[in-house]
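*Asks:* Residue numbers (my numbering): 1 to 58.
Each residue gets a CB set at the ideal place from its N, CA and C atoms; glycine is no exception.
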Amino acid sequence: MTSFIDTHCHLDILESTPEETIIEAKQAGVQRMVTIAVDEPSLDFVSSTVQEFPAVYG
1 MTSFIDTHCH
11 LDILESTPEE
21 TIIEAKQAGV
31 QRMVTIAVDE
41 PSLDFVSSTV
51 QEFPAVYG
């Protein structure tokens, strides 16, 4: 299976949890993600998310 890297996503604005989104993405072949911060609250989200999920970068 071909694997992909999502180089620009906003995991903080989705209705599903980051964990649910990452599971669905992996099932679709996305192995890594880069989630983007646009303000201080989203930066806090990105910082905690990249520590919790090794496949997510920020």
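Please state the DSSP three-state secondary structure of I23.
*Replies:* Along the sequence shown, one-based indexing puts residue 23 at 23. Correct three-state label for I23: helix.
*Asks:* My output table needs one value for T49: the three-state DSSP class, helix, strand or coil.
*Replies:* To locate residue 49, count along the sequence shown from 1; it is residue 49. Of the three classes helix, strand and coil, the one that applies to T49 here is helix, per DSSP.
*Asks:* By the three-class DSSP mapping on this structure, what secondary structure does D6 have?
*Replies:* Within the sequence shown, the letter at position 6 stands for residue 6. Correct three-state label for D6: strand.
*Asks:* Compute the distance between the beta-carbons of V30 and F4, then report whether it is under 8 Å.
*Replies:* Position 30 of the sequence shown, counting from 1, holds the residue named residue 30. Position 4 of the sequence shown, counting from 1, holds the residue named residue 4. Yes.
*Asks:* Could you tell me the distance, in whole angstroms, from the CA atom of V38 to the CA atom of T2?
*Replies:* The residue you call residue 38 lines up with position 38 of the sequence shown. The residue you call residue 2 lines up with position 2 of the sequence shown. So the two alpha carbons sit approximately 30 Å from each other.
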